[in-house]
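To start, the structure itself, in structure tokens.
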Amino acid sequence: MRESYPFELIALQYEYDALEPCIDEETLHYHHDRHLQTYVDNLNKTLKDYPKLHCMNLPTLLVNIYSLPDEIQTAVKNNGGGVFNHNLYFSILRSPREDNRPSGELADSINAKFGSFEGFKKALSSAAVGQFGSGYGWLVTDRHGKVSVMSAPNQNTPLGRETMPLIPLDVWEHAYYLQYKNKRGEYTENFFKLINWEQVEKLYKNRENFFK
Ligand code: MN
Numbered sequence: 008m009r010e011s012y013p014f015e016l017i018a019l020q021y022e023y024d025a026l027e028p029c030i031d032e033e034t035l036h037y038h039h040d041r042h043l044q045t046y047v048d049n050l051n052k053t054l055k056d057y058p059k060l061h062c063m064n065l066p067t068l069l070v071n072i073y074s075l076p077d078e079i080q081t082a083v084k085n086n087g088g089g090v091f092n093h094n095l096y097f098s099i100l101r102s103p104r105e106d107n108r109p110s111g112e113l114a115d116s117i118n119a120k121f122g123s124f125e126g127f128k129k130a131l132s133s134a135a136v137g138q139f140g141s142g143y144g145w146l147v148t149d150r151h152g153k154v155s156v157m158s159a160p161n162q163n164t165p166l167g168r169e170t171m172p173l174i175p176l177d178v179w180e181h182a183y184y185l186q187y188k189n190k191r192g193e194y195t196e197n198f199f200k201l202i203n204w205e206q207v208e209k210l211y212k213n214r215e216n217f218f219k
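First residue of the sequence shown? That's 8 in the numbering used here, and the numbers climb one at a time after it.
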């Protein structure tokens with residue numbers, strides 16, 4: 008998988024029906040094959056004539072957005088964010104589990120911040136459901152492993168010197184509307200069954216690499 012220009016569509020690590028019934032096959036096809044592909048194509052189009060940027064990986068481009076040429080900042084923010092956010096989203100999902108919870112150090116940090124796993128679920132759900140229009144609810148961590156929840160509009164990515172994204176809860180209508188219509192809350196509730204906590208914990212444990 009290339010990490011710099013030209014960016015490629017990531018392959019899913021599971022079958023298109025693997026997330027059913029929480030996310031159906033048709034939704035996953037549209038979301039991955041069409042929507043993500045469009046972000047990838049538009050990001051590549053945007054960067055095509057800027058060879059100096061071709062060696063930069065996506066987090067570097069996004070963190071340094073304001074040092075890029077003015078005329079491509081918005082397009083990189085929207086399409087680069089779209090690629091980064093979706094790559095993360097698709098990589099932290101797996102087939103549904105009923106009692107799906109984190110463990111270890113990450114679970115401790117979540118409990119310390121939100122009081123309990125239920126408290127965390129409530130916080131991330133409200134961030135996602137309450138996001139006006141398109142965007143995401145996010146679980147993020149700082150370099151010390153302190154987690155928090157936030158929401159962000161559009162394809163804005165909470166990447167920063169002190170913030171590493173862990174879980175993007177995509178609440179763009181393209182993520183759920185085919186299956187759930189206007190029931191964003193129901194989709195959000197089911198999303199929690201799909202989180203691959205082992206994968207999220209791996210990211211969390213490797214945060215030193217991100218913050219170095
Ligand atoms: Mn999406």
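Even glycine gets a Cβ: it sits at the ideal position worked out from N, Cα and C. Computed from a predicted model, the values in this text were never measured in an experiment.
The ligand MN heavy atom lying under 7 angstroms from the CB of residue i
{"i": "H93", "result": "yes"}
{"i": "D106", "result": "no"}
Which residues DSSP lists as bridging residue i, in chain order
{"i": "V156", "result": "L146"}
{"i": "P172", "result": "V147"}
{"i": "I72", "result": "DSSP lists no partner for I72."}
{"i": "I6", "result": "The shown model of the chain, from 8 to 219, leaves out residue 6, and the question about it has no answer."}
{"i": "D177", "result": "Y143"}
{"i": "G167", "result": "T170"}
C-alpha distance - residue i paired with residue j, whole-angstrom precision
{"i": "G192", "j": "S132", "result": "8 angstroms"}
{"i": "R239", "j": "L113", "result": "Any answer about residue 239 is impossible in this case: the structure gives the chain only from 8 up to 219."}
{"i": "T53", "j": "V83", "result": "7 angstroms"}
{"i": "G137", "j": "P76", "result": "34 angstroms"}
{"i": "R9", "j": "N213", "result": "20 angstroms"}
{"i": "T81", "j": "K209", "result": "31 angstroms"}
{"i": "W179", "j": "T164", "result": "14 angstroms"}
{"i": "L50", "j": "I117", "result": "34 angstroms"}
{"i": "S123", "j": "A182", "result": "27 angstroms"}
{"i": "K120", "j": "D48", "result": "39 angstroms"}
{"i": "N92", "j": "Q162", "result": "7 angstroms"}
{"i": "D106", "j": "K59", "result": "48 angstroms"}
Buried versus exposed call for residue i [16 or more other C-beta atoms within 10 Å across all chains shown]
{"i": "F127", "result": "buried"}
{"i": "D177", "result": "buried"}
{"i": "C29", "result": "buried"}
{"i": "H61", "result": "exposed"}
Quiz: which residues have CB nearer than 5 angstroms to the ligand MN non-hydrogen atoms:
D177, W179 and A182
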